[in-house]
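Going from the sequence shown to the numbering used here is simple: count from 1 and add 558.
Below is one structure; the comments refer to it alone.
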Amino acid sequence: MSRSAPRKGQRRSARRPKQSEQPATGKSPTWRERLRNVTKRQWISAAVVVLALIGIAWLYHHIDIDAVHDRAQRLNGWLVFVLITVLPLLGFPITIAHAVAGVKFGMGLGLALVSVSILLQLLISYGLVHLFRDVFARRLKKVRRQLPKGANGPVTLFTVLLPGVPYFAKNYVIPVMGVPLRTFLLWAFPVHVARSSIAIFFGDKSDDLTPGRITFFVIYAIVITVGCGWAFRRLRSQLQGPQSKEDDPKRGA
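This is the structure we're talking about:
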């Protein structure tokens, strides 16, 4: 007996579930699957770190580090402090400035002076934005598109941790968004100081990089970087999508 054809309204056999719809087996992902999940930005960041380490190793073997430290000790301390405070406001790489502070002042005094310079940079950035808000708003429009909506504190922390954005741009765009000064300082200052300690430590010990100190430096840098990355991912998952409007609505403190 031939089987009758299914009617028009009759359901056909259940379709095969897609791979994404299949229930999870509970197995942990393999290393190949983990590699597939690595984003292009993460690969670029890893490549930059590797190239930076290679560059540091090359410089260390081709430059007289002791002579650099001796010359740094002869520099005027006040001039160095002014330069590491003012130049980053103009776009100078903050890591180099903090490494110079480590070479000149050492770890303890260097960290104290860098903390003061960071506080001054935040205050100056806030003041400049309030004097020339329209100028900064136009120039930082691209950065603002990457920032989510949310309360002032988490958004400030998100901005400070945002990868790929220069230090000076972060400090200018946060006041542009209308974040109060107190919130700006409470959330941005500790993170900037914690990150600065990596470069200060390297600058201080660059004339005597023993295997033990190199290992400590790498582990310390990884801990700070991973901690910031973890906090950034948590915030990104909690906050909303990027802003679409040019003028932000009022935010909660």
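Beta carbons: idealized from backbone N, C-alpha and C, even for Gly.
Requested in this report: Would you mind reading off the limits of the alpha helix (DSSP H) that contains residue 621?
Outcome: Here residue 621 corresponds to residue number 63 of the sequence shown, with the count starting at 1. That residue, residue 621, is in no alpha helix (DSSP H); it is neither H nor E in DSSP.
Query raised in the report: Grouping DSSP H, G and I as helix and E and B as strand, with all else coil, what is residue 670?
Result: Position 112 of the sequence shown, counted from the start, is the residue given in the question as residue 670. It is helical.
**Report entry** Span separating the alpha-carbon of residue 622 from that of residue 702
**Finding:** Walking along the sequence shown from the start, residue 622 turns up at place 64. Walking along the sequence shown from the start, residue 702 turns up at place 144. When rounded, the distance between both Cα atoms is 43 Å.
Query - Best match in 761, 763, 753, 741 for proximity to residue 780 [C-alpha to C-alpha] - result: For this step, residue 780 is matched to residue 222 along the sequence shown. Cα-wise, what sits closest to residue 780 is 753.
Query - Alpha carbon of residue 795 to alpha carbon of residue 714, nearest angstrom - result: Counting from 1 along the sequence shown, the entry for residue 795 is found at position 237. Counting from 1 along the sequence shown, the entry for residue 714 is found at position 156. Whole-angstrom Cα-Cα distance: 15 Å.
Query raised in the report: Is it the case that the Cβ atoms of residue 639 and residue 671 are separated by a distance below 9 Å?
Result: As a first step, residue 639 must be located in the sequence shown, where it is residue number 81. As a first step, residue 671 must be located in the sequence shown, where it is residue number 113. Cβ atoms of residue 639 and residue 671: closer than 9 Å.
Report task. Could you check how far apart the C-beta atoms of residue 761 and residue 657 are, in whole angstroms? I think they sit under 8 Å. Result -> As a working note, residue 761 is residue 203 in the sequence shown. As a working note, residue 657 is residue 99 in the sequence shown. A Cβ-Cβ distance of about 4 Å is found for the pair residue 761 and residue 657, placing them in contact under the 8 Å criterion.
Query raised in the report: If you compare alpha carbons, which of 690, 735, 730, 696 is closest to residue 710?
Result: Along the sequence shown, one-based indexing puts residue 710 at 152. Comparing alpha-carbon positions, the option among 690, 735, 730, 696 lying closest to residue 710 turns out to be 735.
**Report entry** For residue 717, the first and last residue of its enclosing alpha helix (DSSP H)
**Finding:** Numbered from 1 along the sequence shown, position 159 holds the residue referred to as residue 717. Following the DSSP letters along the chain, one finds residue 717 inside the alpha helix (DSSP H) bounded by residues 710-719.
**Report entry** Check whether residue 646 and residue 716 have beta carbons under 9 Å apart
**Finding:** Reading the sequence shown from its first residue, position 88 is the one you call residue 646. Reading the sequence shown from its first residue, position 158 is the one you call residue 716. No, the Cβ-Cβ distance between residue 646 and residue 716 is not below 9 Å.
Report task. Output yes or no for whether 9 Å exceeds the beta carbon distance between residue 718 and residue 707. Result -> Locating residue 718 in the sequence shown gives position 160, counting from the first residue. Locating residue 707 in the sequence shown gives position 149, counting from the first residue. Their beta carbons are not under 9 Å apart, which means residue 718 does not touch residue 707 by this criterion.
Query raised in the report: Do residue 642 and residue 659 have their C-beta atoms within less than 9 Å of each other?
Result: Looking up residue 642 in the sequence shown gives position 84. Looking up residue 659 in the sequence shown gives position 101. Yes, Cβ-Cβ distance for residue 642 and residue 659 is below 9 Å.
Query - Per-residue burial, residue 669 [other beta carbons within 10 Å of its own, 16 or more giving buried] - result: In the sequence shown, the residue the question calls residue 669 occupies position 111. With 16 or more Cβ atoms within 10 Å of its Cβ, residue 669 is classed as buried.
Query raised in the report: Thinking just about the alpha-carbon of each residue, which of 652, 612, 661, 616 is nearest to the one in residue 635?
Result: Numbered from 1 along the sequence shown, position 77 holds the residue referred to as residue 635. Comparing alpha-carbon positions, the option among 652, 612, 661, 616 lying closest to residue 635 turns out to be 661.
Query raised in the report: To which residues of the same chain is residue 644 closer than 6 Å at the C-beta, ignoring the five residues directly before and after it?
Result: Taking the first residue of the sequence shown as position 1, residue 644 is located at position 86. For residue 644, where only same-chain residues beyond five positions count, there are no Cβ hits under 6 Å.
Report task. Please state whether DSSP places residue 768 in a helix, a strand or coil. Result -> On the sequence shown, position 210 is the one that residue 768 refers to. Looking at residue 768 - three-state DSSP - the assignment turns out to be coil, as it is neither helix nor strand.
Report task. Go ahead and label residue 690 buried or exposed: buried means 16 or more other beta carbons lie within 10 angstroms of its beta carbon, across all protein chains shown. Result -> On the sequence shown, position 132 is the one that residue 690 refers to. Counting Cβ neighbours within 10 Å, residue 690 comes out exposed, since fewer than 16 surround it.
Query - Cβ-based burial, residue 688 [other Cβ within 10 Å; buried from 16] - result: The residue you call residue 688 lines up with position 130 of the sequence shown. With fewer than 16 Cβ atoms within 10 Å of its Cβ, residue 688 is classed as exposed.
Query - Status (buried if at least 16 other CB within 10 Å, exposed otherwise) for residue 745 - result: Reading the sequence shown from its first residue, position 187 is the one you call residue 745. With a threshold of 16 other beta carbon atoms within 10 Å, residue 745 meets it and is buried.
Requested in this report: Please state if the CB of residue 654 and the CB of residue 789 are separated by a distance shorter than 9 Å.
Outcome: The count along the sequence shown starts at 1 and reaches residue 789 at position 231. The count along the sequence shown starts at 1 and reaches residue 654 at position 96. At the C-beta level, residue 789 and residue 654 stay beyond 9 Å of one another.
**Report entry** Straight-line gap, residue 632 to residue 765 (C-alpha atoms, nearest Å)
**Finding:** The residue you call residue 632 lines up with position 74 of the sequence shown. The residue you call residue 765 lines up with position 207 of the sequence shown. Cα to Cα, the separation comes out at about 16 Å.
Report task. Could you say which of 602, 712, 605 lies nearest to residue 791 if we only look at CA atoms? Result -> Here residue 791 refers to the residue found at position 233 of the sequence shown. Cα-wise, what sits closest to residue 791 is 712.
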